[in-house]
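>
Numbering (the working numbering), first residue to last: 81 to 473.
Structure, rendered in structure tokens:
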């Protein structure tokens with residue numbers, strides 16, 4: 081058993097994820113039932129999942145689940161893309177037929193607040209999925225889906241680390257919403273809905289086993305890769321969201337350039353990158369039901385042929401892609417592709433934590449070099465950016 085108290089702050093938060101998953105699944109299901117009424121669920125004809133940063137990566141990971149479980153065409157769109165380039169051109173499908181779920185744990189991100197306001201201004205149903213029901217996002221929302229995360233243990237409070245708990249909570253919130261909507265609409269039966277809820281609850285034990293198994297593998301990989309300064313994470317469908325999140329954690333934790341790429345797009349672009357040994361991690365369920373398995377296997381072969389150091393975040397039982405990558409970081413349990421992002425994000429988190437610890441770097445570059453921890457200054461202005469008053473057309 082790992083002595084968590086001896087680990088880095090980011091490692092410590094990763095190790096809280098199993099308990100977090102166990103504690104939020106039922107409350108978030110209740111919150112979904114309270115938020116998504118019968119009238120709302122039965123009237124909608126299209127869904128948009130909107131957010132920034134980690135709160136965009138989560139929606140990308142959840143898009144497949146919404147399409148499969150709700151039966152309603154769903155798109156994940158970044159807040160900037162939605163507010164500036166999409167809201168003014170939403171298809172006219174009638175009143176109360178477009179649902180826009182905006183995701184922000186803090187509830188104070190300007191671009192996401194803007195997206196919600198503009199969506200509602202053109203007749204969409206607006207839902208704020210947030211851990212802060214007293215913040216501006218919730219204040220502007222017609223409906224609030226409360227996804228508050230339980231507090232950290234006292235010894236971990238005050239730590240400023242790359243976020244892993246909030247991302248996990250947003251994912252469970254999104255999946256809970258999809259199950260609720262699909263059940264009410266009759267796209268899935270109550271029996272099927274309850275089975276899906278049970279699968280979400282089982283992810284707590286899957287996460288615990290995955291952390292224990294992948295931690296030493298990530299430790300060794302980071303030391304094997306210590307001479308390299310760039311990292312690439314590759315996935316398709318929901319796992320492209322995992323790739324984006326994994327790259328973000330490396331960048332935030334150690335400051336190393338890290339990129340996310342779609343499986344097919346890697347073959348068109350990163351295939352020509354000059355650094356042969358670039359660590360390239362593929363995220364897939366492979367032969368365990370992955371829609372991407374054939375193409376991912378082809379692209380792993382291509383990566384190996386040009387000298388990439390390949391790794392795979394793959395189910396424990398997966399054989400096809402696993403036989404091709406040089407290192408496997410196994411997800412310890414059977415998880416459907418639509419829910420895979422919840423646990424497939426863990427190996428990338430561990431790589432990020434190990435890289436920062438091994439390199440001795442401070443998270444977020446210690447907010448030095450002109451950066452500011454509030455993010456509300458004249459650099460990024462995430463929280464006080466000027467917002468549009470009306471949609472662009």
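Glycine is no exception: its CB is placed at the ideal position from the N, C-alpha and C atoms. On a predicted model such as this, the values are computed, not experimentally measured, just so you know.
Just mark residue 219 as buried or exposed, buried being the case when its beta carbon has 16 or more other beta carbons within 10 Å.
exposed
> What are the boundary residues of the alpha helix (DSSP H) that residue 260 is part of?
245-265
> Around the C-beta of residue 435, are 16 or more other C-beta atoms found within 10 angstroms, so that it is buried, or is it exposed?
buried
> May I have a chain-ordered list of the alpha helix (DSSP H) segments no shorter than 4 residues that lie completely inside the region 117-149?
118-123
> At the level of alpha carbons, what is the spacing between residue 203 and residue 143?
22 Å
> How should residue 408 be labelled, buried or exposed, when 16 other C-beta atoms within 10 angstroms of its C-beta is the threshold for buried?
In summary, residue 408 is buried, with 16 or more beta-carbon neighbours lying within 10 Å of its beta-carbon over all protein chains present.
> Can you have a look at residue 174 and say buried or exposed, based on whether 16 or more other CB atoms are within 10 angstroms of its CB?
With fewer than 16 other Cβ atoms within 10 Å, it is exposed.
> Using a Cβ-Cβ cut-off of 7 Å (strictly less than) and excluding sequence neighbours within five positions of residue 400, which residues of its own chain qualify?
366, 367, 373, 377
> Name the DSSP bridge partner or partners of residue 183?
131, 209
> Specify, as a first and last residue, the run of the alpha helix (DSSP H) that residue 105 falls within.
97-115
> Taking residue 126 as the reference, give the member of 189, 157, 336 with the closest Cα.
157
> Can you tell me which of the three DSSP states residue 409 falls into?
strand
> How many Å lie between residue 429 and residue 347 at the Cα?
25 Å
> Hey, quick one: how far does the beta strand (DSSP E) through residue 452 stretch, first residue to last?
That residue, residue 452, is in no beta strand (DSSP E); it is neither H nor E in DSSP.
> Taking one C-beta from the region 286-306 and one from the region 83-97 each time, how about it: are there three or more such pairs within less than 8 Å?
Yes, since at least three Cβ pairs between the region 286-306 and the region 83-97 fall closer than 8 Å, the two stretches touch.
> Could you give the first and the last residue of the continuous beta strand (DSSP E) run that contains residue 359?
359-363
> Quick one: give me the first and last residue of the alpha helix (DSSP H) that residue 225 is part of.
Segment 223-226 is the beta strand (DSSP E) holding residue 225; no alpha helix (DSSP H) there.
> What first and last residue would you give for the alpha helix (DSSP H) that runs through residue 425?
421-439
> Is the beta carbon of residue 340 sitting closer than 8 Å to the one on residue 371?
Result no, Cβ atoms of residue 340 and residue 371 do not sit closer than 8 Å.
> Considering Cα atoms alone, identify which of 243, 267, 110 is closest to residue 145.
267
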